[in-house]
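Student:
Residue numbers (this note's numbering): 1 to 152.
(1) State the CB to CB distance for the pair residue 51 and residue 8, rounded to an integer number of angstroms; the pair is presumed to be in contact (CB under 8 Å).
(2) State the Cα-Cα distance for the pair residue 26 and residue 55, rounded to the nearest angstrom.
(3) Fully enclosed by the stretch 47-129, which alpha helix (DSSP H) runs are 4 residues long or longer?
(4) Please identify the residue among 128, 138, 78, 130 whose C-alpha is closest to the C-alpha of residue 120.
(5) Thinking C-alpha only, which one of 43, 125, 130 is nearest residue 140?
(6) Is the Cβ-Cβ distance between residue 39 and residue 45 less than 8 Å?
(7) Only counting the same chain, and skipping five residues up and downstream in sequence, which positions put a Cβ closer than 6 Å to that of residue 31?
(8) Based on Cα-Cα distance, which residue from 118, 99, 109 lies nearest to residue 136?
(9) Would you report the Cα separation of residue 96 and residue 134, rounded to the nearest angstrom?
(10) Taking DSSP as the reference, what is the three-state secondary structure of residue 152?
(11) What would DSSP say about residue 20, mapped onto helix, strand or coil?
(12) In whole angstroms, what is the alpha-carbon distance linking residue 142 and residue 11?
(13) Could you check if residue 21 is buried or exposed, using at least 16 other CB atoms within 10 Å of its CB as the buried criterion?
(14) Measure how close the beta-carbons of residue 108 and residue 144 come, nearest whole angstrom, since I'm counting them as under 8 Å.
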């Protein structure tokens, strides 16, 4: 399946591009970027006039609130909001109940994020038990639970 993003303003920080370009995507890979790509090259055309085409953004500080405060936000609702806003990666704070200060809680958050599967969810783990600042967590245990987990 070939998808053509037509007439969008391309923002590419790597190559310093900030101008109107067409982008051809084939099997989830960008295969061509040019000033004008013929519509006959694509199976699907998306008119991106007055829209920006850019890499997905990262939210380094969000509050998904799950587990414990699902009435405020869940991993699923937060992920849906993130994706709608152009974010492909989000990093939820550890202010949940229970706090992700051990591998079991951290793994539950990671498993739910994988189940939802809308964007990358890289949860922060608390540096202290219960976020109280009194006793440090077992960093080695948390590191094993998720190799790219972020500590706060």
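Glycine included, each C-beta is placed from N, C-alpha and C at the ideal position.
Quick caveat: nothing in here was measured; it's all calculated off a predicted structure.
Tutor: A quick look at the data gives this:
(1) 5 Å
(2) 16 Å
(3) 75-84, 103-116
(4) 78
(5) 125
(6) yes
(7) 24
(8) 99
(9) 18 Å
(10) Note on residue 152: pLDDT 44, under 50, position unreliable in the model; no value is reported.
(11) strand
(12) 37 Å
(13) buried
(14) Actually they do not touch by this definition, with Cβ atoms about 15 Å apart.
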